[in-house]
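What follows is a short report on a single structure.
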Amino acid sequence: MRAVAAFFAFLCSASLAFGAEAVTMRHPGFDHAVFAFGGREAESDILAMANPFTVEYGDNFSAGIGYQRFVQGLVQDLYFGFEAGIAARFGNSVSAEAWGGPVVRYDGIRLFNTVTLSPSVTGGLSAVTNALDGWEGDNEDERDGDATLLFYFGPEFSLSLASRPDVEVFWRLHHRSGAWGTLGDMHGGANFQTLGIRHRF
Numbered sequence: 709m710r711a712v713a714a715f716f717a718f719l720c721s722a723s724l725a726f727g728a729e730a731v732t733m734r735h736p737g738f739d740h741a742v743f744a745f746g747g748r749e750a751e752s753d754i755l756a757m758a759n760p761f762t763v764e765y766g767d768n769f770s771a772g773i774g775y776q777r778f779v780q781g782l783v784q785d786l787y788f789g790f791e792a793g794i795a796a797r798f799g800n801s802v803s804a805e806a807w808g809g810p811v812v813r814y815d816g817i818r819l820f821n822t823v824t825l826s827p828s829v830t831g832g833l834s835a836v837t838n839a840l841d842g843w844e845g846d847n848e849d850e851r852d853g854d855a856t857l858l859f860y861f862g863p864e865f866s867l868s869l870a871s872r873p874d875v876e877v878f879w880r881l882h883h884r885s886g887a888w889g890t891l892g893d894m895h896g897g898a899n900f901q902t903l904g905i906r907h908r909f
């Protein structure tokens, strides 16, 4: 647990430093966001996760919160930033997670002048106190690896109303992986299908 707390403290410090360096490129509307989410682990690889209705789900769940800091990029409606988050993972066993890294978001898809669809993707690192029993633990045992520190990948789609652009709901694939043995001698890690809500300010 100390390792996760230290990792999260590092991510928060990096986020503040990132924001300080990027003041000249600030998003004119929403520079910050906080969010909460919950989801269920899927017992499959990341490709099968693309269809949340046919994927096979396990008995583990995740619930977490996070913070994002955005700046404007060189292309209209395309924003760059940094994300950090923590989550509780539970079900067959209990584990804590902290993750963080850069995030890219596009706000240019507007439907009927009523709804904004914003795809985004977050990448970086994810640290956990221990592997969850189930898909993640089986992957760790199969490779004789260590799932404590893996890469993080989080593709996402969010929806907001034109009348309330500061509030949005989102779907995210919460993915941890060793990237073909690069970290922890792991290939697969854990995959969660999640739904959440975000407040931008």
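For reference, each letter of the sequence shown is one residue, going 709 to 909 in the numbering used here. We put the CB at the ideal spot given by N, CA and C, even for glycine.
Using the three-state DSSP reduction, which class does residue i fall into: helix, strand or coil?
i: Gly809; result: strand
i: Arg734; result: Note that Arg734 scores a pLDDT of 40, beneath 50, so its modelled location is shaky and nothing firm can be said.
i: Leu833; result: strand
i: Ala887; result: coil
i: His895; result: coil
i: Ala870; result: coil
i: Gln901; result: strand
i: Phe820; result: coil
i: Phe865; result: strand
i: Leu857; result: strand
i: Leu825; result: strand
i: Glu729; result: Here Glu729 scores only 38 on pLDDT, less than 50, and its place in the model is too uncertain to base an answer on.
For residue i and residue j, which I take to be in contact (beta-carbon distance under 8 Å), what is that distance rounded to the nearest angstrom?
i: Ser834; j: Tyr860; result: 4 Å
i: Trp879; j: Glu864; result: 7 Å
i: Asn768; j: Leu840; result: 5 Å
Could you spell out where the beta strand (DSSP E) holding residue i opens and where it closes?
i: Asp846; result: Run containing Asp846: none in the beta strand (DSSP E); it sits in the alpha helix (DSSP H), 843-851.
Bridge partners of residue i, per DSSP?
i: Ser881; result: Per the sequence presented here, residue 881 reads as Leu, with Ser not at that position. Beta-bridge pairing links Leu881 to Gln901.
i: Phe743; result: Gly774, Arg906
i: Ala804; result: Ala796
Return the chain-ordered ranges of every beta strand (DSSP E) run that is complete within the region 746-800 and spans a minimum of 3 residues. 765-780, 786-798
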